[in-house]
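Before any comments, here is the structure.
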Amino acid sequence: MKIRENLNRIKSTLPDHVTLVAVSKTKPIELILEAYEAGQLDMGENKVQEMVDKQSQLPEDIHWHMIGHLQRNKVKYIAPFVHLIHGVDS
Numbered sequence: 002m003k004i005r006e007n008l009n010r011i012k013s014t015l016p017d018h019v020t021l022v023a024v025s026k027t028k029p030i031e032l033i034l035e036a037y038e039a040g041q042l043d044m045g046e047n048k049v050q051e052m053v054d055k056q057s058q059l060p061e062d063i064h065w066h067m068i069g070h071l072q073r074n075k076v077k078y079i080a081p082f083v084h085l086i087h088g089v090d091s
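Numbers in the working numbering are just positions in the sequence shown, counted from 1, shifted up by 1.
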């Protein structure tokens, strides 16, 4: 099944107030772009460096979510663009 079809199927089951965050960790830019072109704007990453690398190569209107452990000393790398941080470690 294609990414667009999967997204449409999943989103059709969600209430309007729920935001689907597609976890893009370890996925190549091409697949993330395919999801973006299908209307998926919220992407989740669990590694700071991977998020920074992908963010610089993808459209600016993607809402990036940090879904993994985040050390305070690494916040500065994603603070300019991250939409939501789901957890912080000391």
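Ideal Cβ positions, reconstructed from N, Cα and C, are used throughout, including at glycine. In this text the structure is predicted, and so the values were computed from the model without any measurement.
So M67 packs on M52, CB below 8 Å; how close in whole Å? About 7 Å; that satisfies the 8 Å criterion.
Closest Cα partner of P29 within the set K75, D54 and H84: Among K75, D54 and H84, the Cα nearest to that of P29 belongs to D54.
Going by DSSP in three states, I11 sits in which element: helix, strand or coil? The answer is helix: DSSP assigns I11 an H, G or I state.
With respect to the beta strand (DSSP E) encompassing D62, which residues constitute its N-terminal and C-terminal limits? Looking at the DSSP string, D62 is not in any beta strand (DSSP E), and its letter there is neither H nor E.
Kindly identify the DSSP beta-bridge partner or partners of D43. DSSP output for D43 lists H64 as bridge partner(s).
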